[in-house]
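Below is one structure; the comments refer to it alone.
In this note's numbering, the protein residues as written are 18 to 296.
This is the structure in structure tokens:
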């Protein structure tokens, strides 16, 4: 639904106050944490601000928040929601679950939550937050009321939509982006060993930042990005091509490597594959 952020939030709050609310909402956004904060504010309104301190301190018993455990959201995390909400709400009128980065639900978790959406329980409400709605199962999307929450970019971290821990990998990732375009493949394959020694979740973060950097350059060249150019100077320099077709091809390759990395135990092998296929 195309409305500004304030109108969306007002509309949702009104639907609860009038007892006409949906049982599931899907928010497509450019900032997971800010969308999460707005959902908590909605929860405060629908509980008449009686439990604001509990909500702020993550101690509200009628709220469960789920986010990726490593590379994905696992079925046991969804089962925890179902088990916790098997009884009526403890303090408020609603039991609420929030799933952050919902596109990372694995197949088993997706099927489990889908069954829950198909047979909704009274007074149980779900909020799904995603930055990649195209990766969500169509059957999940069809059972949610969908809104788009877009926030202004305050800095590069906002633009990349990464947390503080992930942001520590930005410089290393942009260095890799530059080397991919300027270093001989056999030299880079030797240098990539240092990245391959990292934990899988760290490598996944690097690959995702690399993908986002290319998307930012792509959108910038197509004049689809509204932000201060100074904010993205490092990206514009590191991603050195201005060829739209080349950018699109590399984005597709990075996404391919991301998908294959999930199932490939040899970290160095899959990173070398990216180097060999890089054009």
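Even glycine gets a Cβ: it sits at the ideal position worked out from N, Cα and C.
| said: Here's the rule I'm using: 16 or more other beta-carbon atoms within 10 Å means buried, otherwise exposed. How should residue 230 be labelled? | reply: So residue 230 ends up on the buried side.
| said: According to DSSP, simplified to helix, strand and coil, what is residue 163? | reply: Residue 163: strand per DSSP, three-state reduction.
| Is the region 46 to 62 touching the region 158 to 178, taking contact as three or more C-beta pairs under 8 angstroms? | The region 46 to 62 is in contact with the region 158 to 178.
| Element boundaries [alpha helix (DSSP H), containing residue 179] | Taken as a continuous stretch (DSSP letters only), residue 179 belongs to no alpha helix (DSSP H), as it is neither H nor E.
| message | Any contact between the region 115 to 124 and the region 89 to 106? By contact I mean 3 or more CB pairs, one from each, below 8 angstroms. | response | Touching, yes.
| query | With a Cβ-Cβ cutoff of 7 angstroms, do residue 297 and residue 56 count as a contact? | reply | Outside the displayed span of the chain (18 to 296) sits residue 297, for which this structure offers no information.
| message | Tell me the rounded alpha-carbon separation between residue 246 and residue 232. | response | Between residue 246 and residue 232, the C-alpha separation is close to 15 angstroms.
| By DSSP, does residue 185 sit in helix, in strand, or in coil? | Three-state result, residue 185: coil.
| Are residue 268 and residue 291 closer than 7 angstroms when you measure CB to CB? | Contact flag unset, no.
| said: What does the Cβ neighbour count give for residue 217, buried or exposed, with the cut at 16 atoms within 10 Å? | reply: Classification of residue 217: exposed, given that the 10 Å Cβ count is below 16.
| query | Hey, quick one: how far does the alpha helix (DSSP H) through residue 235 stretch, first residue to last? | reply | Run containing residue 235: 217 to 238, per the alpha helix (DSSP H) assignment.
| query | Taking residue 142 as the reference, which of 128, 148 and 134 has the closest Cα? | reply | The residue with the shortest Cα to Cα distance from residue 142 is 134.
| task | With DSSP collapsed to three states, give me the class of residue 112. | result | Note: residue 112 maps to strand in three-state DSSP.
| For residue 44 versus residue 166, is the C-beta spacing smaller than 7 angstroms? | Yes, Cβ-Cβ distance for residue 44 and residue 166 is below 7 angstroms.
| Contact between the region 247 to 258 and the region 185 to 192 (3+ Cβ pairs under 8 angstroms) | Flag = yes, the region 247 to 258 and the region 185 to 192 touch.
| query | Straight-line CA distance for residue 205 to residue 241? | reply | Counting only the Cα atoms, residue 241 lies some 32 angstroms from residue 205.
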